[in-house]
Amino acid sequence: MILEFEDEKGLLDAQTRALMQTCSQAAQRAEGVTLPLSVFIRVTDDDEIRTINREQRGKDAATDVLSFPTVNYPAGKTAGQCDKLLARELDDEVDACMLGDLIISMPHVLAQAAEYGHSPEREAAYLTVHGLCHLMGYDHIEDEDKKKMRAMEEKILSAIGM
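See below:
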């Protein structure tokens with residue numbers, strides 16, 4: 015999976031960037047997608063993610079991760095079952111199918127790592143995987159969907175030793 019990063023505030027270190035890349039490769043393998051994929055990841059602070067959340071979702075609050083998928087998957091389907099839909103998102107410039115955009119708040123990564131008692135790396139990996147799952151068609155609104163999404167998140171995180 016090709017990741018394009020935007021980090022205007024200089025919040026992303028090389029180690030976390032590499033970890034996010036590892037997460038993306040594991041997510042693609044776990045989902046079973048063989049087409050080349052691409053994701054845009056913007057790393058930012060709470061003020062900016064709050065503005066985006068308010069403008070795009072009508073929620074005036076900072077959050078940890080926002081996902082904006084390019085593919086509208088049919089009900090009950092995820093990326094691994096939708097090669098034709100993914101192929102429609104082929105970006106000739108990168109020669110990959112665009113899954114969508116992720117926006118991650120690094121202050122939330124640090125705060126939640128402290129709150130949950132694990133490393134910032136573990137939290138960054140989780141939020142990346144969570145966002146990627148959304149881009150691949152998973153959701154957690156309904157209990158049954160939440161079980162599927164959590165199982166996929168755990169499968170991906172286990173594959174990378176987290």
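Numbering (the working numbering), first residue to last: 15 to 176. Glycine included, each C-beta is placed from N, C-alpha and C at the ideal position. Just so we're clear, the structure is a prediction, and the values are computed from it rather than from any experiment.
So what does residue i bridge to, in DSSP terms?
i	result
methionine 112	Ser52
leucine 100	DSSP, once it has assigned bridges, lists no residue as partnering leucine 100.
isoleucine 174	None, per the DSSP bridge assignment.
isoleucine 118	Val57 and Val79
Less than 7 Å between CB atoms is the rule here; does residue i satisfy it with respect to chain C?
i	result
isoleucine 117	Within the model displayed, chain C is absent; a lone protein chain is all it includes.
Taking DSSP as the reference, what is the three-state secondary structure of residue i?
i	result
aspartate 105	strand
leucine 80	strand
glutamate 156	coil
glutamate 167	helix
valine 47	coil
threonine 36	helix
glycine 94	helix
leucine 124	helix
Rounding to the nearest angstrom, what Cα-Cα distance links residue i and residue j in this structure?
i	j	result
proline 83	lysine 169	21 Å
alanine 138	asparagine 67	19 Å
cysteine 96	glycine 114	15 Å
tyrosine 130	phenylalanine 19	26 Å
arginine 136	cysteine 37	11 Å
glutamine 35	glycine 72	30 Å
Going by beta-carbon coordinates alone, are residue i and residue j separated by less than 7 Å?
i	j	result
leucine 146	proline 134	no
Just curious, the beta strand (DSSP E) that residue i is in, first and last residue?
i	result
leucine 17	16–20
Note the first and the last residue of the continuous alpha helix (DSSP H) segment covering residue i.
i	result
histidine 148	134–149
Should residue i be listed as close to the ligand PLP, given that the test is whether its C-beta is under 6 Å from any heavy atom?
i	result
aspartate 153	In the structure shown, the ligand PLP is absent, as is every other ligand, since no ligand is present at all.
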